[in-house]
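Taking the numbering used here, the leading residue of the sequence shown gets 64, the next gets one more, and so forth.
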Amino acid sequence: MRVADIILTLPRLPLLIVISGIFGTQSNWVILLILSFTFWPTVSRVIRSQTLSLRERPFIESAKVSGVGNRRIILRHLAPNVLPITFYYLTVTVTGAILVEAGLSFLGFGDPSNMSWGMMLKWCFTTGYVFKAPYWMIPPGLCISALAFSFYLIGVGLEEIVNPRLRKR
64 MRVADIILTL PRLPLLIVIS GIFGTQSNWV ILLILSFTFW PTVSRVIRSQ TLSLRERPFI
124 ESAKVSGVGN RRIILRHLAP NVLPITFYYL TVTVTGAILV EAGLSFLGFG DPSNMSWGMM
184 LKWCFTTGYV FKAPYWMIPP GLCISALAFS FYLIGVGLEE IVNPRLRKR
């Protein structure tokens, strides 16, 4: 967990800006790797804390006392209780990564040869169409919002499927 703590102290956006400047415009894969590198510690901390709190619950202790093996405890008791929060943080992380990529492209640190919604917003601002035709900003903004909302809905749907307390009978 010390590695996760160290990575959590790194500021995400300045790190991405510096790495984009170092690797130039061909940095989509580098940005993806850095986003993955900087987003995982938050999820791992939450999952670890949830697992540690579940470990002390009475149903886990009774399973240990009854002689159930570690693999069965993990698969039968821990995983069903940790998966909902894992899927929730997965969808939040993907949405955050999409917003960070759009922000980097908007700031001019994305790959100009690959069109993205952030790049569309950037070109709208740099060409002056933000004042001449502000409606050109609406489609990329709505698409970013719709994609973020769709990942939220996917997360809610996965939580209903995986969460034992929310399963419909």
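Glycine included, each C-beta is placed from N, C-alpha and C at the ideal position. Being a predicted model, the structure only gives us computed values, none of them experimental.
What is the rounded straight-line gap between the Cα of residue i and the Cα of residue j?
i, j, result
"K127", "L141", "13 angstroms"
"F188", "L167", "14 angstroms"
"L210", "S179", "13 angstroms"
"I82", "T101", "13 angstroms"
"I85", "P203", "28 angstroms"
"I94", "L162", "13 angstroms"
"L205", "G218", "20 angstroms"
"T154", "F212", "10 angstroms"
"I136", "L78", "40 angstroms"
"W186", "A196", "12 angstroms"
"G130", "I80", "53 angstroms"
"P121", "Q113", "15 angstroms"
"R75", "E119", "34 angstroms"
"S125", "N133", "13 angstroms"
"I69", "S99", "15 angstroms"
"T190", "W199", "11 angstroms"
"W103", "Y192", "38 angstroms"
"N177", "L73", "27 angstroms"
"P143", "Y152", "15 angstroms"
Mind checking whether residue i and residue j have CB atoms under 8 angstroms apart?
i, j, result
"D174", "N91", "yes"
"I148", "I110", "yes"
"F150", "L221", "yes"
"I123", "L115", "no"
"V157", "F214", "yes"
"G181", "F169", "yes"
"A67", "S107", "yes"
"L71", "T105", "yes"
"A165", "I201", "no"
Counting along the chain, where does the alpha helix (DSSP H) carrying residue i start and finish?
i, result
"T189", "180–189"
"A199", "It should be noted that the sequence gives Trp, not Ala, for residue 199. Taken as a continuous stretch (DSSP letters only), W199 belongs to no alpha helix (DSSP H), as it is neither H nor E."
"L115", "91–118"
"I82", "75–86"
"L167", "142–170"
"I5", "Given a span of 64 to 232 for the chain in the structure shown, any question on residue 5 remains unanswerable."
"L71", "65–72"
"R135", "133–136"
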